[in-house]
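A.B. asks:
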Amino acid sequence: MKIMLDAGHGYHTAGKRSPDGLSEYDFNRAVTDYAKRSLENYENVIVYFAHSDERDIPLKERTNKANQLKVDSYVAIHANSFGSTWNNANGIETYIHPNKPKEAYELAQKIQHNLVISTGLNNRGVKTADFHVLRETNMTAVLVECGFMTNRNEAELLRSDTYRKTCAEAIVKALVDQYKLKRKTNSKMPPASTIIPAKTSLYKVQVGAYKDKKNADELAEALQKLGYSSYVYYE
Numbered sequence: 053m054k055i056m057l058d059a060g061h062g063y064h065t066a067g068k069r070s071p072d073g074l075s076e077y078d079f080n081r082a083v084t085d086y087a088k089r090s091l092e093n094y095e096n097v098i099v100y101f102a103h104s105d106e107r108d109i110p111l112k113e114r115t116n117k118a119n120q121l122k123v124d125s126y127v128a129i130h131a132n133s134f135g136s137t138w139n140n141a142n143g144i145e146t147y148i149h150p151n152k153p154k155e156a157y158e159l160a161q162k163i164q165h166n167l168v169i170s171t172g173l174n175n176r177g178v179k180t181a182d183f184h185v186l187r188e189t190n191m192t193a194v195l196v197e198c199g200f201m202t203n204r205n206e207a208e209l210l211r212s213d214t215y216r217k218t219c220a221e222a223i224v225k226a227l228v229d230q231y232k233l234k235r236k237t238n239s240k241m242p243p244a245s246t247i248i249p250a251k252t253s254l255y256k257v258q259v260g261a262y263k264d265k266k267n268a269d270e271l272a273e274a275l276q277k278l279g280y281s282s283y284v285y286y287e
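Position one of the sequence shown corresponds to residue 53 (this note's numbering), numbered consecutively onward.
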């Protein structure tokens, strides 16, 4: 199983920045790095990168490489934007080419579902687009947008190493499910967490426990500034 991961753009790509200077490539490459490390723990999986830290690789060169290597699946990882100033555009979306090949659509649905469940961000759905990396690749290809750099709350998440790992794990889980990948018996990494959507129960995540209420109040306030609903309770 050959998988190509594409960290969209590059360090020197003009304009791919948040209003306060976050480089999209910095996020993209971190997610691909984490995803590669995780995928290498599965049997008969070879992971290639379409991008490079040395220079901005042209799109044609990326897709040519994928076609020459005859990879089985191509996953382009991006962070989204709407305009060049802060705004309220938000959420996760995944793209496939308009001809909607069955396997690409299935993989995109899995990636979209896992990312939305894992991150809690708005579900913008699976969409179609005539992007070069989707059109010119001979294999199953998807492009995922992992949040908006022009949304203050989501830009903070995109900077977070925890969020980057979460996105990588969600993408890897989709690839594992789609291609029935088997974990190596000597793998040192624990299996990716299984995501089980809630049906009738409510699942909660506790992010802190303090003896001093002031510390709890400060954390709740910080979370609220990032756009999360939070509250403090006493046991």
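Note that the Cβ used here is the ideal one computed from N, Cα and C, for glycine as well.
Per DSSP, what kind of secondary structure is L209 in: helix, strand or coil?
C.D. replies: DSSP places L209 in helix when its eight states are reduced to three.
A.B. asks: Might you give, ordered along the chain, the residues of its own chain that have their beta carbon closer than 7 Å to the beta carbon of Q161, omitting 5 neighbours on each side?
C.D. replies: For Q161, where only same-chain residues beyond five positions count, the Cβ hits under 7 Å are V178.
A.B. asks: Among K88, G143 and R107, which one has its Cα closest to the Cα of G199?
C.D. replies: For G199, the nearest C-alpha among the options comes from G143.
A.B. asks: Could you pull out every residue in the same chain whose Cβ sits closer than 6 Å to the Cβ of K54, ignoring the five residues on either side in sequence?
C.D. replies: Taken in chain order, the residues that qualify are I98, V123 and D124.
A.B. asks: Per the DSSP calculation, F101 is bridged to which residue(s)?
C.D. replies: DSSP output for F101 lists L57 as bridge partner(s).
A.B. asks: Let me make sure I understand the geometry here. Which of S75, E155 and L210 has the alpha-carbon closest to that of T192?
C.D. replies: Nearest option by C-alpha distance: E155.
A.B. asks: On a CA-only basis, which of K217, T65, A141 and V194 is nearest D58? Give me that one, please.
C.D. replies: Of the listed residues, the one whose Cα sits closest to D58 is V194.
A.B. asks: Quick one: Cα of R107 to Cα of E145, how far?
C.D. replies: The straight-line gap from Cα to Cα measures roughly 27 Å.
A.B. asks: Report yes if the CB atom of T137 is closer than 7 Å to the CB atom of V185, and no otherwise.
C.D. replies: Cβ distance not < 7 Å, so T137 and V185 don't count as in contact.
A.B. asks: Tell me T202's beta-bridge partners as DSSP assigns them.
C.D. replies: DSSP lists no partner for T202.
A.B. asks: Got a sec, what are the start and stop residues for the beta strand (DSSP E) H165 sits in?
C.D. replies: No beta strand (DSSP E) holds H165; the alpha helix (DSSP H) holding it covers K154 to T171.
A.B. asks: Taking K236 as part of the alpha helix (DSSP H), name the residues at either end of that continuous run.
C.D. replies: Where K236 is concerned, there is no enclosing alpha helix (DSSP H), given that its DSSP letter is neither H nor E.
A.B. asks: Can you list, in chain order, the residues of its chain with a C-beta nearer than 7 Å to that of A141? Leave out the 5 residues immediately preceding and following it.
C.D. replies: Answer for A141: F134, F200, T202 and N203, listed in chain order.
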